[in-house]
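Numbering of the sequence shown is given in my numbering, commencing with residue 2 and proceeding in unit increments. To start, the structure under review is shown below, and the notes come after it.
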Amino acid sequence: MGEYLHARGFTVLAIRLAGHGTTAEDLSRTDHEDWMDSVRDGYAILRGACDDIAVVGHSMGAIFALLLSVEAEVTCVVSLGAPLIIAQEQGIEHLPTRAASVGRYVPKARRKLENVPQGANNTYRRMPLVSVHEMMDVIAAARSELGKVCAPLLIVHGSRDHTADPKSAEELRAHVASADCETVILPDAGHLLPLDEGIRERVFERTADFLEKAVQGRRS
Numbered sequence: 002m003g004e005y006l007h008a009r010g011f012t013v014l015a016i017r018l019a020g021h022g023t024t025a026e027d028l029s030r031t032d033h034e035d036w037m038d039s040v041r042d043g044y045a046i047l048r049g050a051c052d053d054i055a056v057v058g059h060s061m062g063a064i065f066a067l068l069l070s071v072e073a074e075v076t077c078v079v080s081l082g083a084p085l086i087i088a089q090e091q092g093i094e095h096l097p098t099r100a101a102s103v104g105r106y107v108p109k110a111r112r113k114l115e116n117v118p119q120g121a122n123n124t125y126r127r128m129p130l131v132s133v134h135e136m137m138d139v140i141a142a143a144r145s146e147l148g149k150v151c152a153p154l155l156i157v158h159g160s161r162d163h164t165a166d167p168k169s170a171e172e173l174r175a176h177v178a179s180a181d182c183e184t185v186i187l188p189d190a191g192h193l194l195p196l197d198e199g200i201r202e203r204v205f206e207r208t209a210d211f212l213e214k215a216v217q218g219r220r221s
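Put into structure tokens, the structure is as follows:
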């Protein structure tokens with residue numbers, strides 16, 4: 002997606018959150034404030050170089066994008082598969098207590114993706130349970146702040162998403178204060194909207210079109 006948006010004329014910064022892209026053990030030593038600080042650092046970099054900043058996030062990245070829009074000036078937000086409601090298939094109700102989760106991991110399997118950028122298939126093979134608790138904490142924080150989200154917002158969700166319940170899109174639309182809010186439900190899409198071949202192309206184009214419209218609207 003970053004390469005596509007760059008080709009459409011946008012300056013792009015892809016943020017690597019603290020504890021990500023290294024080891025599962027590193028992830029277990031970070032919390033959601035560390036992750037949010039990574040987002041803030043990325044925003045600060047762009048703030049020094051760009052007049053307009055749009056925030057695009059997928060999955061938990063969408064949660065952080067929404068939170069950033071509450072505390073910082075952004076031109077618009079694009080939410081791709083935000084997990085405001087975790088799909089029942091994930092069995093989140095069986096998550097042990099935080100204390101019982103320390104030092105424990107669960108396997109994390111994902112099918113191999115075809116024709117994706119190098120590194121897209123290099124994901125952690127196990128997930129620290131304490132990090133799942135941190136994810137749930139930041140989702141709860143985002144839910145409590147939705148009424149403060151007022152930037153133009155594009156919501157994209159797959160109707161076959163078995164990670165973030167598709168009802169998340171309805172929940173998001175119902176509780177934000179954005180006067181300009183568009184919702185796109187892709188009937189043949191799952192959770193990996195920016196990665197799945199045949200889906201991502203539509204997501205990229207719709208995202209770029211929305212960003213262009215938001216920037217033009219701000220400058221007119």
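We put the CB at the ideal spot given by N, CA and C, even for glycine. Every value quoted in this text rests on a predicted model; they were computed, and no experiment measured them.
Taking residue 163 as the reference, which of 87, 186, 157 has the closest Cα? 87
Report buried or exposed for residue 72, applying the criterion of at least 16 other Cβ atoms within 10 angstroms of its Cβ. exposed
Does the contact criterion of 3 or more C-beta pairs under 8 Å hold for the segment 127-136 versus the segment 156-173? no
Find out if the Cβ-Cβ distance for the pair residue 1, residue 209 is shorter than 7 Å. The requested residue 1 is not part of the displayed model; the chain covers only 2 to 221.
CA-to-CA distance, residue 195 to residue 43, given in whole angstroms: 20 Å
Taking just the CA atoms, how far does residue 34 sit from residue 108? 24 Å
Quick one: Cα of residue 40 to Cα of residue 204, how far? 22 Å
Return helix, strand or coil for residue 202, following the three-state DSSP convention. helix
Candidates 155, 36, 172: closest to residue 185 by CA position: 155
Bridge partners for residue 81 per DSSP, in chain order? 59, 157
Could you tell me how far apart the beta carbons of residue 84 and residue 60 are, in whole angstroms, since I believe they sit closer than 8 Å? 6 Å
Within the 7 Å Cβ cut-off, does residue 66 reach chain C? Among the chains in the structure shown there is no chain C, since it carries only a single protein chain.
Report all residues from its chain with a CB closer than 7 Å to the CB of residue 216; omit the five preceding and five following residues, and keep chain order. 53, 76
Measure the Cβ-Cβ separation of residue 81 and residue 63 and say whether it is below 7 Å. yes
Under 8 Å by Cβ, that's how I've got residue 50 and residue 12 pegged, so tell me the actual separation to the nearest angstrom. 7 Å
Assigned secondary structure, residue 16 (DSSP; H/G/I helix, E/B strand, else coil): coil
Residue 48: buried (16+ other C-beta within 10 angstroms of its C-beta) or exposed? exposed
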